Ligand SMILES: [Zn+2]
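In the working numbering, the protein residues as written are 206 to 272.
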């Protein structure tokens, strides 16, 4: 089976934990709100995004180990 760079070249987008908009994974300063994209805000946590993020991370790990 040839995995022709499946989704590996595509940049991963994650949600800014301050304004809850998409930023590139690994970006520290959010281009939208200029806040700390890695610092979890109340809005992020109370909105349930923290749970979603955790599930997405597990899904990604699972995909990686299967291919
Ligand atoms: Zn932001």
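Ideal Cβ positions, reconstructed from N, Cα and C, are used throughout, including at glycine.
These numbers were taken from a predicted model, which means no experiment stands behind them.
Simplified DSSP assignment, three categories, for residue i
| i | result |
| --- | --- |
| residue 255 | helix |
| residue 266 | helix |
Alpha-carbon spacing of residue i relative to residue j, whole angstroms
| i | j | result |
| --- | --- | --- |
| residue 260 | residue 268 | 12 Å |
| residue 223 | residue 252 | 11 Å |
| residue 237 | residue 262 | 23 Å |
| residue 216 | residue 229 | 7 Å |
| residue 250 | residue 270 | 28 Å |
| residue 266 | residue 245 | 22 Å |
| residue 234 | residue 220 | 12 Å |
When the options are compared against residue i, the one with the closest alpha-carbon
| i | options | result |
| --- | --- | --- |
| residue 239 | 250, 247 and 225 | 225 |
Sequence-ordered residues whose beta carbon comes within less than 7 Å of a heavy atom of ligand 1: Selection output, chain order preserved: 221, 223, 224, 226, 228, 235, 237, 238, 240 and 242.
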